[in-house]
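Chains as they are written, first to last, in the numbering used here: chain G, 7 to 147; chain C, 3 to 307.
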């Protein structure tokens with residue numbers, strides 16, 4: 007399958023296969039600003055299969071949100087058909103209301119406070135600020 | 003000691019040096035309590051106990067009264083607006099406008115942190131669910147220090163409910179910062195130390211058998227299997243009698259073993275151990291008042307040279 011390359015914009019490469027739709031949903035991109043292409047299950051030497059998102063004429067996205075969903079992805083910045091920069095993503099150190107604490111003994115189960123988690127290691131394990139129990143991004147809201 | 007205005011929510015909120023300063027002050031108070039009888043005159047302590055307590059609440063109240071201060075508060079949420087559904091944030095807002103310092107116990111983990119974020123006065127965590135109980139740790143460490151003088155090379159066994167035991171979690175986190183301390187964690191599989199606490203220590207072993215572990219221990223920290231932490235009564239009944247320390251078992255322990263327990267006990271330490279000179283749990287209880295006097299003084303900026 008072939009998709010035309012873009013002249014100006016961003017390519018989000020190395021997305022985990024199957025995660026592209028979720029990424030698009032979270033990024034909440036204004037499609038009136040430019041064209042969006044989602045390519046799923048592309049062959050990849052590194053990962054076997056991957057998803058790719060191409061954003062024509064869109065030059066900024068919320069990197070924190072993308073780091074949360076798939077910190078292994080790469081953002082490629084393209085201008086006049088040439089790669090001008092690559093951004094490697096990383097997991098955010100602190101997230102609020104992204105992971106919900108599942109500990110029924112945690113104060114977040116009864117008090118109206120934000121669910122705050124801090125990054126505990128480089129595998130995406132997060133620690134609840136209040137009760138210290140662990141959670142992961144994919145534990146969802 | 004620059005602790006004035008600070009909170010004590012988690013065991014690592016105090017540095018090793020700050021803990022040592024509190025122990026030093028506590029030892030001075032033990033030696034000459036009359037010198038401190040009016041240090042906190044004019045200060046008001048609020049005790050907010052959303053969960054039952056005997057020793058912690060009374061030792062805090064006794065500590066403040068012995069320092070010349072006064073005490074307000076509630077010992078059960080049913081006697082306050084909490085029973086009408088008032089949030090912790092609103093309750094602490096109210097208390098902070100009356101008192102100079104507050105002590106809080108709550109069944110939910112992280113409750114004291116929420117209170118500290120909304121309070122303009124120092125908040126002391128007197129137990130938040132199965133999470134932390136940092137002032138019990140000060141009590142435990144002062145008791146060990148008074149007897150052993152030095153923490154280096156101590157092997158401490160913690161036995162019983164290590165999963166929900168907030169005193170255990172706090173003690174491990176704080177004690178692990180001293181070099182040469184080894185932990186022997188004695189519990190059934192279902193009540194093992196949580197991962198977030200194990201992350202704090204390196205020199206430890208997890209075992210199931212108290213009798214086998216006993217001969218190598220310098221300190222044995224017994225805990226109660228807490229009915230109130232279980233959602234399932236059957237699990238509690240199955241696990242409640244996992245470990246019982248009695249005089250017969252004590253025969254295999256070192257002559258200078260210290261047996262500690264945060265109390266209350268149910269049956270995990272048989273009463274035939276009470277008269278053994280190695281039983282330190284009643285002395286430990288009294289030290290709790292002195293170390294809390296030192297802590298109140300420190301957080302209120304009442305240091306005496």
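C-beta atoms are modelled at their ideal positions from N, C-alpha and C, and glycine is treated no differently.
Cβ neighbours of residue i in the same chain (closer than 8 Å, five flanking residues each side left out)
i, result
"residue 217 (chain C)", "254, 255 and 256"
"residue 57 (chain G)", "21, 22, 23, 24, 25, 26, 29, 44, 45, 46, 47 and 48"
"residue 147 (chain C)", "25 and 153"
Contact test: residue i Cβ vs the ligand FMN heavy atom, cutoff 7 Å
i, result
"residue 225 (chain C)", "The ligand content of the structure shown is nil, which means the ligand FMN is not present either."
Whole-number beta carbon distance between residue j and residue i, since they are thought to touch under 8 Å
i, j, result
"residue 223 (chain C)", "residue 262 (chain C)", "5 Å"
"residue 19 (chain G)", "residue 93 (chain G)", "In fact, because the Cβ distance is near 11 Å, the residues do not count as touching under 8 Å."
"residue 107 (chain C)", "residue 52 (chain C)", "6 Å"
"residue 98 (chain G)", "residue 70 (chain G)", "5 Å"
"residue 149 (chain C)", "residue 130 (chain C)", "Not really, about 29 Å apart at Cβ, beyond 8 Å."
"residue 12 (chain C)", "residue 134 (chain C)", "5 Å"
"residue 138 (chain C)", "residue 266 (chain C)", "With a Cβ gap of about 12 Å, residue 138 (chain C) and residue 266 (chain C) do not count as contacting."
"residue 291 (chain C)", "residue 65 (chain C)", "5 Å"
"residue 125 (chain C)", "residue 100 (chain C)", "That pair is no contact at about 14 Å."
"residue 164 (chain C)", "residue 195 (chain C)", "4 Å"
"residue 199 (chain C)", "residue 161 (chain C)", "At roughly 15 Å, the Cβ-Cβ gap does not stay under 8 Å, so residue 199 (chain C) and residue 161 (chain C) are not in contact."
"residue 16 (chain G)", "residue 61 (chain G)", "5 Å"
"residue 15 (chain C)", "residue 136 (chain C)", "7 Å"
Beta-carbon contacts of residue i that lie in its chain and below 7 Å, excluding the five residues immediately before and after
i, result
"residue 135 (chain G)", "122, 123 and 124"
"residue 32 (chain G)", "71 and 75"
"residue 146 (chain G)", "Note that residue 146 (chain G) has pLDDT 49, beneath the 50 cutoff, so the model's placement of it is unreliable and no number is given."
"residue 82 (chain C)", "76"
"residue 141 (chain G)", "105, 107, 108, 123, 132 and 134"
First and last residue of the uninterrupted alpha helix (DSSP H) at residue i
i, result
"residue 288 (chain C)", "283 to 301"
"residue 3 (chain G)", "Coverage of chain G is limited to positions 7 through 147, which leaves residue 3 (chain G) absent and any answer about it impossible."
"residue 138 (chain C)", "136 to 150"
"residue 72 (chain G)", "69 to 75"
"residue 92 (chain C)", "90 to 98"
"residue 169 (chain C)", "168 to 177"
"residue 25 (chain C)", "18 to 33"
"residue 114 (chain C)", "113 to 120"
"residue 180 (chain C)", "Here residue 180 (chain C) belongs to no alpha helix (DSSP H), and DSSP marks it neither H nor E."
"residue 123 (chain C)", "No alpha helix (DSSP H) contains residue 123 (chain C), which DSSP labels as neither H nor E."
"residue 238 (chain C)", "235 to 241"
Beta-carbon proximity list for residue i, same chain, < 6 Å, skipping 5 on both sides
i, result
"residue 94 (chain C)", "117, 120 and 121"
"residue 91 (chain C)", "120"
"residue 91 (chain G)", "83"
"residue 37 (chain C)", "none"
"residue 186 (chain C)", "159, 207 and 215"
"residue 293 (chain C)", "28, 140, 141 and 144"
"residue 56 (chain C)", "none"
Through-space distance from residue j to residue i, alpha-carbon basis
i, j, result
"residue 288 (chain C)", "residue 115 (chain G)", "35 Å"
"residue 145 (chain C)", "residue 240 (chain C)", "32 Å"
"residue 212 (chain C)", "residue 191 (chain C)", "14 Å"
"residue 8 (chain C)", "residue 301 (chain C)", "6 Å"
"residue 133 (chain G)", "residue 168 (chain C)", "17 Å"
"residue 46 (chain G)", "residue 22 (chain G)", "9 Å"
"residue 30 (chain C)", "residue 197 (chain C)", "38 Å"
"residue 45 (chain C)", "residue 69 (chain C)", "9 Å"
"residue 97 (chain C)", "residue 41 (chain C)", "22 Å"
"residue 7 (chain G)", "residue 54 (chain G)", "Note that residue 7 (chain G) scores a pLDDT of 49, beneath 50, so its modelled location is shaky and nothing firm can be said."
"residue 87 (chain G)", "residue 63 (chain G)", "11 Å"
"residue 180 (chain C)", "residue 41 (chain G)", "60 Å"
"residue 271 (chain C)", "residue 182 (chain C)", "28 Å"
"residue 138 (chain G)", "residue 154 (chain C)", "28 Å"
"residue 123 (chain C)", "residue 103 (chain C)", "5 Å"
"residue 109 (chain C)", "residue 25 (chain G)", "39 Å"
"residue 35 (chain G)", "residue 225 (chain C)", "55 Å"
"residue 130 (chain G)", "residue 107 (chain G)", "15 Å"
Range covered by the beta strand (DSSP E) that runs through residue i
i, result
"residue 161 (chain C)", "157 to 161"
"residue 49 (chain G)", "42 to 50"
"residue 80 (chain G)", "80 to 85"
"residue 55 (chain G)", "54 to 62"
"residue 206 (chain C)", "206 to 209"
"residue 68 (chain C)", "No beta strand (DSSP E) contains residue 68 (chain C), which is instead part of the alpha helix (DSSP H) from 57 to 68."
"residue 223 (chain C)", "221 to 224"
"residue 26 (chain G)", "Residue 26 (chain G) -> not in any beta strand (DSSP E); alpha helix (DSSP H) instead, spanning 26 to 33."
"residue 17 (chain G)", "15 to 22"
"residue 88 (chain G)", "88 to 94"
Below-8 Å beta-carbon distance, residue i vs any chain A residue
i, result
"residue 113 (chain G)", "Within the model displayed, chain A is absent; protein chains G and C are what it includes."
Practice task
Anything in the segment 84 to 96 of chain C with a Cβ closer than 8 Å to a Cβ of chain G? List those residues in chain order, please.
Solution key: 89, 90 and 91
Exercise for the section: Taking only beta carbons into account, state which residues of the segment 97 to 124 of chain C come closer than 7 Å to chain G, listed in chain order. Expected result: 110, 111, 112, 113, 115 and 116
Problem - Members of the segment 132 to 146 of chain C near chain G, C-beta cut-off 7 Å - result: 132 and 133
Practice task
Report the residues of the segment 165 to 197 of chain C with a CB closer than 8 Å to any CB of chain G, ordered along the chain.
Solution key: 196 and 197
Problem - Contacting positions in the segment 22 to 45 of chain G - beta carbon closer than 8 Å to chain C - result: none
Practice task
Give, in chain order, every residue of the segment 116 to 131 of chain G whose Cβ lies closer than 7 Å to some Cβ of chain C.
Solution key: 116, 117, 118 and 119
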